[in-house]
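Data block below; observations after.
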Amino acid sequence: MKTRILGFVALGTVVAATAVALFVVAPDLNQGDAQRIMYPHVASAWLAYLSFGVTAISGIGWLWKRDLRFDAVAVAGAEIGVMFTAFAIWGGMMWGRPIWGVYWQWEDPRLTTTALLLALYVGYLLFRRLTDDPERRATRAAIVGIVAAVDIPIVHFSVEWWRGLHQTATIASPDRVLDPAAPPVFVGTLLGMLGAFTIAWLYLMIRRYQLARAEVAREEAVRIERLMAARAAGPSAEVAR
Amino acid sequence: MPQTTIYVSPRSLGAPDRRPPSVRTTDLARLFAGSPALAGVSIQVEAARTIALLGPNGAGKTTLLRLLSTVIRPSYGSAVVDGLDLTRNTDLVRERVAYLSHDTGLYDDLTARENLAFAAAMYGTPDGTARVDRALRDVGLDDRAADRVRDFSAGMRKRLALGRILLGSPSLVLLDEPYAALDTEGMAIVDELLVAWREAGVSVLLASHATDRLAPLLDGRIVLERGLVAAVSGEGVGSAPPSLPGVPAPAAEVAR
Amino acid sequence: MSDAEFVIAAYAVIIGGLGLYTVALWRRLRSIHGPDDEAR
Amino acid sequence: MSAVRAEARTALAIARKDALAELRGRHAAVTTLFFSAVVLLLFGFALGPDSARLAAAAPGLLWLAVVFSGILAVNRLHLLETDDGALEQLALYPVARRAIYAGKALGGFAVMLVLGLVVLGAVGVLFAVDIASAWLPLLITVVLGAAGIAAVGTFYAGVTVRLRAREVMLPLLMLPVLAPLLLAAVKATAAALAGDPFGELGAWLQLLAAFDVIMLVAGAATYGYLLED
Chain A
3 MKTRILGFVA LGTVVAATAV ALFVVAPDLN QGDAQRIMYP HVASAWLAYL SFGVTAISGI
63 GWLWKRDLRF DAVAVAGAEI GVMFTAFAIW GGMMWGRPIW GVYWQWEDPR LTTTALLLAL
123 YVGYLLFRRL TDDPERRATR AAIVGIVAAV DIPIVHFSVE WWRGLHQTAT IASPDRVLDP
183 AAPPVFVGTL LGMLGAFTIA WLYLMIRRYQ LARAEVAREE AVRIERLMAA RAAGPSAEVA
243 R
Chain B
-6 MPQTTIYVSP RSLGAPDRRP PSVRTTDLAR LFAGSPALAG VSIQVEAART IALLGPNGAG
54 KTTLLRLLST VIRPSYGSAV VDGLDLTRNT DLVRERVAYL SHDTGLYDDL TARENLAFAA
114 AMYGTPDGTA RVDRALRDVG LDDRAADRVR DFSAGMRKRL ALGRILLGSP SLVLLDEPYA
174 ALDTEGMAIV DELLVAWREA GVSVLLASHA TDRLAPLLDG RIVLERGLVA AVSGEGVGSA
234 PPSLPGVPAP AAEVAR
Chain C
219 MSDAEFVIAA YAVIIGGLGL YTVALWRRLR SIHGPDDEAR
Chain D
33 MSAVRAEART ALAIARKDAL AELRGRHAAV TTLFFSAVVL LLFGFALGPD SARLAAAAPG
93 LLWLAVVFSG ILAVNRLHLL ETDDGALEQL ALYPVARRAI YAGKALGGFA VMLVLGLVVL
153 GAVGVLFAVD IASAWLPLLI TVVLGAAGIA AVGTFYAGVT VRLRAREVML PLLMLPVLAP
213 LLLAAVKATA AALAGDPFGE LGAWLQLLAA FDVIMLVAGA ATYGYLLED
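Residue numbers (the working numbering), protein chains in the order written: chain A, 3 to 243; chain B, -6 to 249; chain C, 219 to 258; chain D, 33 to 261.
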């Protein structure tokens, strides 16, 4: 029931934050209306990183405590993280076309990093499907999730250098809004969007976690049922024949 | 009974009646892709016993041996080897268990001697070179020591895999169909090995269909059928029926 | 400058995607739980 | 004997065994070298006959060829263990799991190093790049790059070795992780070939080394979980 209330709160804040970002806040002097894309873009990117961090920490938790609830959190983080990563990329592209003139700006480190994140975690989700046994799946996925998370800062760092060492000319970056020199109205709108998306994220994480638990519980029930049926049938092959 | 000259590594095992049981399992179960290969096995094997694991194909013999060898982890239930829990003390169990599987685990591109030398390095066998030579002689492969395993027959591969076990110092030896693919001479070597392990106080659990041949070498028998214990007979071996009511505690929640 | 089509495209996909994912999640939960414990 | 020395000895035994099998059977080297040669040729066709453009693209082509054939190589090295249940047997030995990882990674490093040097030479010949004048920084780059591919490849080969969809999953999981290595190695190679005009070579080599160390530690810490089934 509490989760349901959280869902309504999420819906309300997301609608409100979207309305403010689209219709209330004035357009940016340089970027015009395209700057409105920044708000959900930055919020999505932040939640993508948060999700993948949660997945990695849950992986460590599973390896440490061997409690399958950790794995349910891990899969929730990965799936929702992939979704927000896709949103961040889409937002970045829609912003890039009017501002940079191209959908894909290779010199923007964040966009490139995000694309690699998408590849890393789509791989993680595909990989999860290949193991039937819940515990073995949790172990293998935990390891892949941890190594992927370890890779993220290196990816970010290297892409940043790639641009930085390459040439000193700075280009406009999507999260220029975070600049301390930005007008407080813009910062406020961004924070509002961040908060609204984070509440929605929390709601989705809880629901996805419940789904993962239910799936495992159903798998487990089938396994126990088969095991008990085998025990009840007894060792003698003649009975069955 | 054949007289043995086979060299089995010394491991100070103590008097059999003062050692913990070699194997004790409780409701041990393992599922593959959702279907139980081992449905719930509770057995006990006393120290220094040679026990045969009998039963039709698909009865769970190989699964039980693989579980005890630590190659695979149990889905449910628990197992203790030499008083050490299989999932909690896996490293210690590995030092005490040797396992001959259907696959020989040999490297085709290495010679027989190189294969054993690698195993000796992995076991940290003291006096490695001498022990490798000795093991090759004990399994009757000393004249083929410099040949690559790729050219070996199935029987020779099996002999070499048996020789590898002699390089460790196990207190429990698990053999899956040790007689399969062997010629008369090879089968005699397995007989000799069983005697040597018995004399050294090493427990042996072997899955086999060669019941007549084994009869004089055995202490007891465990018959598996459909993933459960169907019967137990002989000395130093016992079993309990699997627990039925309620839900068994998942192995992973207990493990580690 | 307006660039309205890009703003609309961005918001439609992101906000719409959030909504679609939420609905899909509900359906998956319902199909595994049965209809009555949606209110948990 | 101390535990560290015992683990080092285990790792060396595994690496030596892999090297011996590789020298005898040539499972990894022949197919992989041939593959990278074909890849380089196709790059040449794809980027056209303009030799100036090919020379400019040479660092990128070099490392793409090395990374792609590296996937093949680490896969082959792990297949060696699945021949006849050897991986199971390897897991049964009473040795530290990280020592097994280190041994397999060391064997993979040897193969990758040979591969990297040969491909470097081939790039020099095919794309008219002067590799002799910058041989030292190029050598360091190849060594660090080979180590990184071996560290990551050994880990992911272990992750996927038991899967039916191994051939698909290995590159799918491994390539995104290798992106920073590819980037840094290409940049270091380009800088070395150009005589390091902006003084950035050292930074890229440091990034490569950091990548190697982090991935080796992560692989060694987690590989043991992969051996249990």
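Idealized CB from N, CA, C, for every residue including glycine.
Closest to residue i by CA distance: which of the options is it?
i: Val74 (chain B); options: B:Val142, B:Val38, B:Val216 and B:Leu207; result: B:Val38
i: Asn108 (chain B); options: B:Asp131, B:Leu153 and B:Arg12; result: B:Leu153
i: Val191 (chain D); options: D:Tyr133, D:Asp116, D:Leu94 and D:Gly92; result: D:Tyr133
i: Ser5 (chain B); options: B:Ala41, B:Thr18 and B:Tyr92; result: B:Ala41
i: Glu54 (chain D); options: D:Leu94, D:Ala105, D:Leu119 and D:Ser34; result: D:Ala105
i: Glu253 (chain D); options: A:Trp203, A:Val146, A:Ile226 and A:Tyr211; result: Residue identity check: residue 253 (chain D) is Ala in the sequence provided, not Glu. Among A:Trp203, A:Val146, A:Ile226 and A:Tyr211, the Cα nearest to that of Ala253 (chain D) is on A:Val146.
i: Ser226 (chain B); options: B:Pro13, B:Asp20, B:Leu93 and B:Leu47; result: B:Leu47
i: Arg129 (chain D); options: D:Gln238, D:Val157 and D:Val36; result: D:Val36
i: Phe25 (chain B); options: A:Ser238, A:Pro136 and A:Thr116; result: A:Pro136
i: Val224 (chain A); options: B:Pro29, B:Thr18, B:Val1 and B:Arg11; result: B:Pro29
Leaving out five residues on either side along the sequence, give the residues of the same chain with a beta carbon under 7 Å from the beta carbon of residue i.
i: Thr172 (chain A); result: Legend: pLDDT at Thr172 (chain A) = 41, less than 50; position of this residue unreliable, no value from coordinates given.
i: Ser201 (chain B); result: Ala45, Glu170, Pro171, Tyr172 and Leu207
i: Arg191 (chain B); result: Thr43
i: Phe141 (chain D); result: Ala178, Ala179 and Ala182
i: Gly237 (chain C); result: none
Quick one: Cα of residue i to Cα of residue j, how far?
i: Asp85 (chain B); j: Tyr257 (chain D); result: For clarity, residue 85 (chain B) is Leu in the given sequence; the question names Asp instead. Approximately 16 Å between the Cα atoms of the pair.
i: Val209 (chain D); j: Asp244 (chain D); result: 12 Å
i: Leu202 (chain D); j: Ala121 (chain A); result: 13 Å
i: Ala45 (chain D); j: Gly9 (chain A); result: 58 Å
i: Val240 (chain D); j: Ala217 (chain D); result: For the record, residue 240 (chain D) in the displayed sequence is Leu; it is not Val. About 7 Å.
i: Pro289 (chain B); j: Gly27 (chain B); result: Because chain B here runs from -6 to 249, residue 289 (chain B) falls outside it and cannot be looked at.
i: Ile156 (chain A); j: Leu119 (chain A); result: 12 Å
i: Val174 (chain D); j: Leu149 (chain D); result: 7 Å
i: Val187 (chain A); j: Pro29 (chain A); result: 11 Å
i: Val11 (chain A); j: Gly194 (chain A); result: 13 Å
i: Thr170 (chain A); j: Gln37 (chain A); result: The pLDDT assigned to Thr170 (chain A) is 37, lower than 50, so where the model puts this residue is not dependable, and the model offers no usable value.
i: Phe129 (chain A); j: Gly231 (chain B); result: 43 Å
i: Leu64 (chain D); j: Ser101 (chain D); result: A small correction: the amino acid at residue 64 (chain D) is Thr; Leu does not occupy that position in the sequence shown. Whole-angstrom Cα-Cα distance: 5 Å.
i: Val90 (chain B); j: Arg194 (chain D); result: 23 Å
i: Ala235 (chain D); j: Gly180 (chain D); result: 16 Å
i: Arg214 (chain B); j: Gly236 (chain A); result: 19 Å
i: Ala51 (chain D); j: Phe89 (chain A); result: 47 Å
i: Asp135 (chain B); j: Asp184 (chain B); result: 19 Å
i: Ala174 (chain A); j: Gly185 (chain D); result: Bear in mind that the predicted position of Ala174 (chain A) carries a pLDDT of just 47, short of 50, making it unreliable; the figure below should be weighed with that in mind. One C-alpha to the other measures close to 37 Å.
i: Arg137 (chain B); j: Asp144 (chain B); result: 10 Å
i: Arg56 (chain D); j: Val99 (chain D); result: 24 Å
i: Val27 (chain A); j: Asp69 (chain A); result: 47 Å
i: Leu175 (chain B); j: Leu145 (chain D); result: 43 Å
i: Tyr205 (chain A); j: Glu221 (chain A); result: 24 Å
i: Leu96 (chain D); j: Leu215 (chain D); result: 10 Å
By a C-beta neighbour count over all protein chains shown, 10 Å radius and 16 as the cutoff for buried, is residue i buried or exposed?
i: Phe25 (chain A); result: exposed
i: Gly79 (chain A); result: buried
i: Met3 (chain A); result: exposed
i: Asn107 (chain D); result: buried
i: Trp108 (chain A); result: exposed
i: Val125 (chain B); result: buried
i: Trp92 (chain A); result: buried
i: Leu112 (chain B); result: This sequence places Ala at residue 112 (chain B); Leu is not what is there. Classification of Ala112 (chain B): buried, given that the 10 Å Cβ count is 16 or more.
i: Gln33 (chain A); result: buried
For residue i, I'd like the list of residues in its chain whose CB is within less than 6 Å of its CB, leaving aside the five on either flank, ordered along the chain.
i: Leu90 (chain D); result: Contrary to the premise, residue 90 (chain D) reads as Ala rather than Leu in this sequence. Excluding sequence neighbours, Ala90 (chain D) sits near Val155, Phe159 and Val161.
i: Ala223 (chain D); result: Glu232 and Leu233
i: Gly161 (chain B); result: Ala91 and Tyr116
Determine whether the Cβ of residue i lies closer than 7 Å to any Cβ atom of chain F.
i: Leu57 (chain B); result: The chain labelled as chain F is not found among the protein chains of the depicted structure, namely A, B, C and D.
Can you list, in chain order, the residues of its chain whose CB lies under 8 Å from that of residue i, leaving out five sequence neighbours each side?
i: Ile62 (chain A); result: Ala144 and Ile148
Check your understanding: Using a beta-carbon distance cut-off of less than 7 Å, what residues from the region 181 to 195 of chain B approach chain A?
Key -> If the cut-off is 7 Å between Cβ atoms, the region 181 to 195 of chain B has nothing near chain A.
Point to revise | Cβ-based contacts, 7 Å cut-off: residues of the region 182 to 199 of chain A near chain C | key: Listed by position along the chain: nothing, the set is empty.
Practice item. Pull out every residue of the region 125 to 146 of chain D whose Cβ sits closer than 7 Å to any Cβ of chain B, in chain order. Key: Listed by position along the chain: Tyr125, Pro126 and Val127.
Point to revise | Residues of the region 218 to 243 of chain D with Cβ closer than 7 Å to any Cβ of chain B, in chain order | key: Residues of the region 218 to 243 of chain D with a C-beta less than 7 Å from any C-beta of chain B: none at all.
Practice item. Note down, in chain order, all residues in the region 59 to 92 of chain A with a beta-carbon under 9 Å from any beta-carbon belonging to chain B. Key: Taking 9 Å as the Cβ-Cβ cut-off, the region 59 to 92 of chain A approaches chain B at Leu65, Trp66, Lys67, Arg68, Asp69 and Leu70, given in chain order.
Exercise for review: Below 7 Å between beta carbons is the criterion; list the residues of the region 188 to 208 of chain D that meet it against any residue of chain A, in chain order.
Suggested key: The residues in question are Val191, Leu195, Ala197, Met201, Leu204, Leu205 and Pro208.
Review point. The region 92 to 114 of chain B: which residues have C-beta closer than 7 Å to a C-beta of chain D, in chain order?
Key: So the close ones are Tyr92, Ser94, Asp96, Thr97, Gly98, Leu99, Tyr100, Asp101, Asp102, Leu103, Glu107, Phe111 and Ala114.
Check your understanding: Along the region 60 to 75 of chain B, what residues have a CB closer than 9 Å to any CB found in chain D?
Key -> Listed by position along the chain: Ser62, Thr63, Val64, Ile65 and Arg66.
Review point. Between the region 245 to 261 of chain D and chain A, which residues of the former have CB atoms less than 8 Å from a CB of the latter, in chain order?
Key: Result list: Ile246, Met247, Ala250, Gly251, Thr254, Tyr257, Leu258, Glu260 and Asp261.
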